[in-house]
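S.K.: Residue numbers (our numbering), protein chains in the order written: chain A, 1 to 182; chain B, 1001 to 1486.
Note that the Cβ used here is the ideal one computed from N, Cα and C, for glycine as well.
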Amino acid sequence: MSSAIVSLTLLGIVLGGLLGLASHWLAVEEDPIEKDIQAMLPGSQCGQCGYVGCAQAAAALARGEAAVTLCPSGGRALAEALAKKLGVSADLDGHAEPVPQLARIEEALCIGCVRCFNACTVDAIIGAPKQIHAVLSDICHGCGKCVGECRTGAIALQPVAPSVASWIWPKPAAGLAREVAA
Amino acid sequence: MKNHPIRGGVHPRYWKELASGQPIAAFPLPARLSLPLQQHVGAAAIPLVEPGQRVRKGERIALAPGAMSAPLHAPTSGVVHAIEEITAAHASGLPQLAIVIDSDGLDEWAELPAPLADPFAAPPEEIVRRVAEAGIVGQGGAVFPTAVKLGMGKQYRLDTLLLNGAECEPYITSDDRVMREHAAEVIDGARIMAHALGVAKIIIAIKKNKPEAIAIMREAARAFAGIEVVGVKIQYPIGYAQYLTQAVTGRETPAGRRNAEVGVVVQNVATALAVQRAVRHGVPLISRVVTVTGTAVSRAGNFEVPIGTPVAELIAHCGGYRARPRFLVNGGPMMGFQLPDENVPVVKGCVGIVALAEEETARQPEQACIRCGTCMDVCPIGLPPVEMAQLIRKDRLDDAARLGVGDCIACGSCAWACPSHIPLVQYFNHANGALWTADRQQRKNERLRQLAEARSARLEAARQERLAAQAARKARAAAPRQEISE
């Protein structure tokens, strides 16, 4: 009885130790935070941050080489979430929310070359060879990849006008005299 | 029936006496009407008419693209002048697309759907369909599509239709007048809605500061079994649907849930009138009762106003201003908003226009919070306004959301009661707007990620296919000799 307990305990200790050493020697070098960050980024691979894609941007963020405000399509919300994740205090006051933009194709200039169609990473452009292309405005996030591809200058980014549907109450300015219903 | 206890609430001065004695008067036909495509919760309506086209009264001029929307109808006969951007009847004052109709003065009716002879013999779906086609939305100001609410009997186990005649906003008297002058139609409309919902019990809740309306509605309800008229206590915001449900039935709706989940559907009395007209007479929602009041207006009154009438014409019809108004408010002063200008139209959710004179307002400098806790005492939801406002001031919106800012109903009780005159509701409106925008961005990003992944998967599949085809070709060419590996 006691020999069984002793032998199993020894076996456990030895094998556990081996596993521990193996995990140390054979560990795959990967920053877990990088994976988390990658999940937070939009993943549209638009390249507006200057990195090839979202994975590379996530790696740079994890190494602390990139600013949390790097991703224009993620907006302020993403910048705040990244700052929280990385435990850095981001100065978001200077980070003006970029005006949302959408690509628009001037139909008179479009020759249906499918260059923009091929450049769009999220399939926001519809079209076919020798057919006029169009932008799906609820998918387009204004990364501008298509603009550089267009040979006829038919594509331009246009700011999205504020609308009743997207308007929100401004934050009250502190300390102003206010008039109220008595 | 005794009221159940409710939390918080305030007691502003009601000023109902300005307009409550004025019977509902017909409103002269305006020369030009502007009908915004978005006057309701949900998707904007899609125009069915073109500039220059002649339309007749009651004709559908814009369709609802889905269930969560509402069609529009021409309030009078005339010619479509344009479909153009006008200043929205909205706190933002931003432009909004509207169908603009020049009235021809004939007021000629289009052919209306045949009236339902016996609505109680018709299947509930038929009632819901007619209400949807009539473009009826919540007339109390929430503008939620009524047909969607009437279809909730399928989704939830309901037992009561609560008819909201509380009208707790100061100044506004349109529901009061509707109940006093159209009691029989309101009760008929309520019975039709109860039939559509499949409930047997109707409770009509009226605030006790409207004794005439209570008496008249009691009298009109006497003939029918299962209808109860209840006086509710004079307390703001008793007219808020969830709050009223709790006061009348004792059932509290859980945070972030629908009222229907506790078995009660709340409809406004003016909505009942609109439903009655749509079902019994085939008349769509083309006009509504609007109170024009405030001490800055020469003659306050209640009017049956065609939807789309410019507010300026309402003011002119009431004899213009007696004094220069400090504020021109759409809706009541507690939850309404300041109109961006006088040319905005009356929309489906407009219960009243209040022109506040100088003496009705007070210029109060904002002071530092003294942590008196008054705002926490008066909050009908039981939220901590002082904590939330402080977090929002520091842009800690997620923390404010954890405290429940999303449950704020923007009733304004906290800001009204605050001795330091801190604009608390504006903080919460701002926070909820910003949180909603962030949430929408988050969902868009999620969608973009899926699209990007789908695209790379598709391109990869196409590449594999190409390679396989190439390999097959090579294999065929070199078939007798040897195997080729790609």
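Would you say A/D123 lies against chain B (beta-carbon separation less than 7 Å)?
M.R.: True, the Cβ-Cβ gap to chain B drops below 7 Å.
S.K.: Hey, quick one: how far does the beta strand (DSSP E) through A/A66 stretch, first residue to last?
M.R.: Segment: none, A/A66 is in no beta strand (DSSP E) and carries neither H nor E.
S.K.: Within the 7 Å Cβ cut-off, does A/W25 reach chain B?
M.R.: By this cut-off, A/W25 is not an interface position.
S.K.: Excluding the 5 residues preceding and the 5 following A/A177 in the sequence, name in chain order all residues of the same chain whose CB lies nearer than 7 Å to its CB.
M.R.: Caution applies to A/A177, whose pLDDT of 48 falls short of 50 and renders its modelled position unreliable; the model cannot decide the point.
S.K.: Specify the secondary structure class of B/Q1235 as computed by DSSP and reduced to three states.
M.R.: The answer is coil: DSSP assigns B/Q1235 none of H, G, I, E or B.
S.K.: Let me see if you follow: with CB-CB separation under 7 Å, is B/Q1498 close to chain A or not?
M.R.: Absent from the structure is residue 1498 of chain B, since the part of chain B shown begins at 1001 and ends at 1486.
S.K.: So with CB distances below 7 Å, who are the chain A contacts of B/N1429?
M.R.: What B/N1429 touches in chain A: W169.
S.K.: Taking B/E1360 as the reference, which of B/Q1441, B/L1018, B/I1101, B/S1069 has the closest Cα?
M.R.: The shortest C-alpha separation from B/E1360 is found at B/L1018.
S.K.: To the nearest angstrom, how far is it from the Cα of A/L18 to the Cα of A/V28?
M.R.: Those two C-alpha atoms are separated by around 17 Å.
S.K.: Against chain A, with Cβ distances strictly below 7 Å, would B/A973 count as a contact?
M.R.: Since the first residue shown for chain B is 1001 and the last is 1486, residue 973 of chain B is missing from the structure and cannot be characterised.
S.K.: State the start and end residues of the unbroken alpha helix (DSSP H) segment that holds B/G1165.
M.R.: Run containing B/G1165: none in the alpha helix (DSSP H); it sits in the beta strand (DSSP E), 1160–1165.
S.K.: Just to confirm before moving on: does the CB-CB distance between B/L1397 and B/A1434 stay below 7 Å?
M.R.: The answer is yes: Cβ separation under 7 Å.
S.K.: Assuming A/V135 contacts A/A119 under a Cβ cut-off of 8 Å, what Cβ separation, rounded to an integer in Å, is found between them?
M.R.: Not confirmed; about 12 Å, so no contact.
S.K.: May I ask you to verify whether the region 1304–1312 of chain B touches the region 1163–1174 of chain B, counting CB pairs closer than 8 Å and requiring at least 3?
M.R.: The region 1304–1312 of chain B is not in contact with the region 1163–1174 of chain B.
S.K.: Taking a contact to mean a Cβ-Cβ separation below 7 Å, would you say B/A1213 touches B/M1179 in this structure?
M.R.: For B/A1213 and B/M1179, yes; Cβs fall inside 7 Å.
S.K.: Please state if the CB of B/V1269 and the CB of B/V1186 are separated by a distance shorter than 7 Å.
M.R.: Yes, they are a contact pair.
S.K.: Bridge partners of B/Y1321, per DSSP?
M.R.: Bridge partners of B/Y1321: B/V1297.
S.K.: Please check the pair B/A1296 and B/L1244, which I expect to be a contact at CB under 8 Å, by giving their CB distance rounded to whole angstroms.
M.R.: Going by Cβ atoms, the distance from B/A1296 to B/L1244 rounds to 31 Å, so no, they are not a contact pair.
S.K.: Going by alpha carbons, who is nearest to B/G1198 out of B/V1265, B/L1097, B/A1274?
M.R.: The option with the nearest alpha carbon to B/G1198 is B/V1265.
S.K.: Determine the DSSP secondary structure at B/Q1442, reduced to helix, strand or coil.
M.R.: Correct three-state label for B/Q1442: helix.
S.K.: Got a sec? Which residues, its chain only, sit under 6 Å from B/G1404 by beta carbon, not counting five neighbours each side?
M.R.: For B/G1404, where only same-chain residues beyond five positions count, the Cβ hits under 6 Å are L1383.
S.K.: Determine the chain A residues that contact B/Q1096 at a beta-carbon separation under 7 Å, and present them in chain order.
M.R.: By Cβ distance, chain A contributes V164.
S.K.: Ignore the nearest five residues each way along the sequence and tell me which others in B/R1191's own chain have a CB closer than 8 Å to its CB.
M.R.: Correct list, in chain order: F1120, I1202, F1224, I1227.
S.K.: Which residue's Cα is closest to the Cα of B/N1259: B/Q1464, B/Q1155, B/Q1242?
M.R.: B/N1259 has its Cα closest to that of B/Q1242, out of B/Q1464, B/Q1155, B/Q1242.
S.K.: When we look at the beta-carbon of B/C1372 and count the other beta-carbons within 10 Å, is it buried (16 or more) or exposed?
M.R.: B/C1372 should be labelled exposed.
S.K.: Ignoring anything shorter than 3 residues or poking outside the region 1045–1110 of chain B, list the beta strand (DSSP E) runs there in chain order.
M.R.: Correct list: 1060–1063, 1078–1087, 1095–1103.
S.K.: Please confirm whether A/G43 has its beta-carbon closer than 7 Å to some beta-carbon of chain B.
M.R.: Cβ-Cβ to chain B under 7 Å: yes for A/G43.
S.K.: Let me see if you follow: with CB-CB separation under 7 Å, is B/L1451 close to chain A or not?
M.R.: With 7 Å as the cut-off, B/L1451 counts as an interface residue toward chain A.
S.K.: Please state the DSSP three-state secondary structure of B/F1327.
M.R.: Of the three classes helix, strand and coil, the one that applies to B/F1327 here is strand, per DSSP.
S.K.: Would you please state the rounded distance, in angstroms, between the beta carbons of A/G153 and A/L109? I believe it to be under 8 Å.
M.R.: Confirmed, about 6 Å.
S.K.: Alpha carbon to alpha carbon, what distance is there between B/V1305 and B/R1054?
M.R.: So the two alpha carbons sit approximately 21 Å from each other.
S.K.: Would B/P1075 pass as a contact of B/L1033 if the rule is Cβ separation under 7 Å?
M.R.: Going by C-beta atoms, B/P1075 is nearer than 7 Å to B/L1033.
S.K.: Apply the 10 Å Cβ neighbour rule to A/L8 and answer buried if 16 or more other Cβ atoms are within range, or exposed otherwise.
M.R.: A/L8 should be labelled exposed.
S.K.: Go through its chain and collect everything with a Cβ distance to B/C1318's Cβ below 8 Å, but skip five positions before and after it.
M.R.: Contacts found: V1292, V1297, S1298, R1299, A1300, G1301.
S.K.: Please report the distance separating the alpha-carbon of A/C54 from that of A/H141.
M.R.: Taking the straight line joining both Cα atoms gives about 15 Å.
S.K.: Pop quiz: A/V164 and B/L1451 are said to be a contact at Cβ under 8 Å. What is the actual Cβ separation, rounded to whole angstroms?
M.R.: Going by Cβ atoms, the distance from A/V164 to B/L1451 rounds to 28 Å, so no, they are not a contact pair.
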